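Just so we're aligned, residue 1 is where the sequence shown starts under this note's numbering, counting upward by one. What follows is a single structure, written as structure tokens, with notes after it.
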Amino acid sequence: MLKKTIKPSTKGFKTAIIRFIVYGAIVYIAAEFLKWNVKHETGQSKFTEDSMVEAVQSMILLTCSLIYLRVSFKYKSMFPLSFGLFAFTFASLIREQDALLDEHIYDGAWQTAAFSLLILAAILIYRKRAVFLSNMNDFVSKFSFGILLSGIFTTYIFARLYGRKVFWMAVMEAQYTRDVKNVSEESLELFGYTLILIASVEFYYFAKAHHTMAVRGNEETVNQPNVYLKVGS
């Protein structure tokens, strides 16, 4: 008797290769941009609040925010989680504009705007906490979640500690130069934001697949015959 052989699928391997090429290219572009930027900025303008690096970081955060906001309204089953992620990235964008907001509105304006948005998100998540927890149960095992955590740890924890003045003064001692500290810290932050961008793209496809499965499940439930009907009723 011939045994039926199961041909292994190469779909997962192909997806991994595509991810490696596309996301590797994005990271490469970010590194090349840093090299280009440091060559074209001179004097005291290297990686300051008005630098191109800061502008690109803001553009990345804006892109992530728009992706999460689109998911929030396009795939309603993912609303609590996607809106929470939108609030997080948009609050980070507001934080990046702190100098501009403090100068043109009032001192501390960014705190008011950012925390107001986060509080709104917290209220919406609490009101839909059952859906949020269900979303999180599905999300934590996905590629997007791991990349998102990597980006958050890189940008909001490691880069902040790595960029401490006391550390760089110990490294360079009498040759301490603030520009070197800024370049190093902001470069690491840009890499972290790049990871968060990749995570947001992956989240969009995760939400799309999640929504498709939810719709398919609902259709199967509606089309399932009622087995509780009595015979001859």
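Every residue, glycine too, gets a C-beta built ideally from N, C-alpha and C. Please read these numbers as outputs of a predicted model, since none were measured by experiment.
- Cutoff 8 Å; reference MET78; Cβ partners in own chain excluding five residues on either side: VAL71, SER72, ASN135, ALA207, HIS210, HIS211
- Three-way DSSP call (helix, strand, coil) for TYR193 in this model: helix
- How far does the alpha helix (DSSP H) with MET172 in it reach, from first residue to last? Under the DSSP assignment, MET172 falls in the alpha helix (DSSP H) whose first and last residues are 165-172.
- Item | Distance between LYS76 and LYS181 (C-alpha atoms, nearest Å) | 44 Å
- Query: DSSP on GLU41, reduced to helix/strand/coil?
  - Reply: Coil.
- Have a look at HIS40, LYS165, LEU195, TYR204 and flag the residue whose alpha-carbon is nearest the alpha-carbon of TYR23. LEU195
- Message: Taking 8 Å as the cut-off, does the segment 153-163 touch the segment 18-32 (at least 3 CB pairs, one atom from each stretch)?
- Response: no
- Message: Just to confirm before moving on: does the CB-CB distance between PHE86 and LEU69 stay below 9 Å?
- Response: yes
- What number of angstroms, rounded off, separates the C-alpha of ILE17 from the C-alpha of ILE105? 48 Å
- Item | Limits of the unbroken alpha helix (DSSP H) element including GLN175 | No alpha helix (DSSP H) holds GLN175; DSSP gives it neither H nor E.
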